[in-house]
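Visitor: Quick mapping for you: the protein sequence lines, in order, are chains A and B. So the first sequence is numbered by the working numbering: it starts at 6 and just counts up by one. So the second sequence is numbered by the working numbering: it starts at 3 and just counts up by one. Pasting in a structure now, in structure tokens, and then I'll have a few things to ask.
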Amino acid sequence: MNGLIALVAGVLFGFGLDLARMTDPERVLGFLDIAGSWDPTLVFVLAGAVVTATVGFRLIGRGDSWFGGPIRLPQRSDIDRPLVLGAALFGAGWGLAGYCPGPGLAALVQGSADPAWFVVGLVAGMAAFAVARRS
Amino acid sequence: MVEFDWLSASAGGVLIGLAATLLLAGSGRIAGISGILGGLLERPRGDTLWRWIFLAGLLMGAAVHQWMDPAAVEARTGFPVWALLAAGALVGVGTRMGSGCTSGHGVCGLARLSPRSGVATAVFVAVAMIVAWMLRHGPFAGLLT
């Protein structure tokens, strides 16, 4: 059942990203570039997602999930250096090419080389960080 | 470029929020893409199958929408390869170090009113805006063309 949940959630997520035009990095850069002809698309996407998730998460509450055992929510609330430095590095990459992880992966279905090069860098970066943290 | 369409943007956002709600209610997991992908690169076996299935679903969902409405998204091509690789590496290291991306911090974290996610989202949006400005209008304009 957890596989089915993951499949349906993934399909909804990917469909939503493409419906919302987030798989077009130029649209994302149009939002980030506040000095250009500003594109408000991302504001509506984020607002729609956050409002829906706020209501949804409130309905779920705490305790156990339907099929996957306890609900695993991050417990930390401290603001530390890795959080801020990591977010800054992520922001630099996002502003450079206009892809964040979800849209970068979803854009692979466009069949062009651009998102594929981004995903190569993404996986390499994640793997490098995993190796560095282990040692 | 296709015109701004607030209805598809909002509807797509609602679907993303529903996906995050379903994954949390059904399996107890946060729908953070960088966490789901990054977990495949470091977690021991046994916790990986749902991650593969979710990511496969993500591609399937995007493919279905693209098939239904091929004109909705114009695929960008010809962006410099070095910039795509560098951007990917920065996003990969940054999201793992900072414990999340636009979905984990920006959607799920803000929905939980997490202070860490609020700070992370403010930082990555601000830095991305500065970098986008520098590359389009500022000192590095023309670097990517």
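Even glycine gets a Cβ: it sits at the ideal position worked out from N, Cα and C. This structure is a prediction, so every number in the text was calculated from the model and none was measured.
Grab the span of the alpha helix (DSSP H) containing Q115/A for me, first residue to last.
Guide: Taken as a continuous stretch (DSSP letters only), Q115/A belongs to no alpha helix (DSSP H), as it is neither H nor E.
Visitor: Relative to the C-alpha of D29/A, which candidate in R138/A, W99/A, A137/A and A40/A has its C-alpha closest?
Guide: It is W99/A.
Visitor: Any beta carbon from chain B within less than 8 angstroms of S70/A's own beta carbon?
Guide: yes
Visitor: Please work out which residues of its chain come closer than 6 angstroms, Cβ to Cβ, to R98/B, disregarding the five sequence neighbours upstream and downstream, and give them in chain order.
Guide: G40
Visitor: Could you give the C-beta distance for L61/B and L90/A, rounded to a whole number, given that I count them as a contact under 8 angstroms?
Guide: Rounded, the Cβ-Cβ distance is 31 angstroms, inconsistent with contact.
Visitor: Under 8 angstroms by Cβ, that's how I've got A89/B and L101/A pegged, so tell me the actual separation to the nearest angstrom.
Guide: 4 angstroms
Visitor: Starting from I55/B, follow the alpha helix (DSSP H) in both directions and report where the run begins and ends.
Guide: Residues L51 to M70.
Visitor: Can you say whether D44/A is buried or exposed, counting buried as having 16 or more other CB atoms within 10 angstroms of its CB?
Guide: buried
Visitor: Between W71/A and the rest of its own chain, which residues show a CB-CB distance below 8 angstroms, the 5 nearest in sequence each way excluded?
Guide: M6 and I10
Visitor: Along chain B, which residues have their Cβ under 7 angstroms away from the Cβ of G117/A?
Guide: Going by the sequence as given, residue 117/A is Ser instead of Gly. Correct list: A77 and T79.
Visitor: In whole angstroms, what separates the C-alpha of V95/B from that of M131/A?
Guide: Between V95/B and M131/A, the C-alpha separation is close to 5 angstroms.
Visitor: Can you tell me where the alpha helix (DSSP H) holding V109/B begins and where it ends?
Guide: First-last for V109/B: undefined, no H or E at that position.
Visitor: Name the DSSP beta bridge partners of D69/A, please?
Guide: P75/A
Visitor: Can you give the Cα-Cα distance for M131/B and I39/A, rounded to whole angstroms?
Guide: 7 angstroms
Visitor: In angstroms with no decimal places, state the Cα-to-Cα distance between R53/B and L12/A.
Guide: So the two alpha carbons sit approximately 9 angstroms from each other.
Visitor: For I84/A and T123/B, what's the separation of their Cα atoms in angstroms?
Guide: 12 angstroms
Visitor: Examine chain B for any beta-carbon lying closer than 8 angstroms to the beta-carbon of S140/A, and answer yes or no.
Guide: no
Visitor: What does G63/B reach in chain A if we use C-beta pairs closer than 8 angstroms?
Guide: G15, V16, L17, F18, G19, F20, G21, L22, D23 and A111
Visitor: Hey, is R81/A's beta-carbon within less than 8 angstroms of any beta-carbon in chain B?
Guide: It does: the Cβ of R81/A has a partner Cβ on chain B nearer than 8 angstroms.
Visitor: Go ahead and label S42/A buried or exposed: buried means 16 or more other beta carbons lie within 10 angstroms of its beta carbon, across all protein chains shown.
Guide: exposed
Visitor: Quick one, are the C-beta atoms of G19/B and T57/A less than 8 angstroms apart?
Guide: yes
Visitor: Could you tell me which chain B residues have their CB closer than 8 angstroms to the CB of R77/A, listed as they occur along the chain?
Guide: Chain-ordered, the chain B residues with CB closer than 8 angstroms to the CB of R77/A read G30, R31 and I32.
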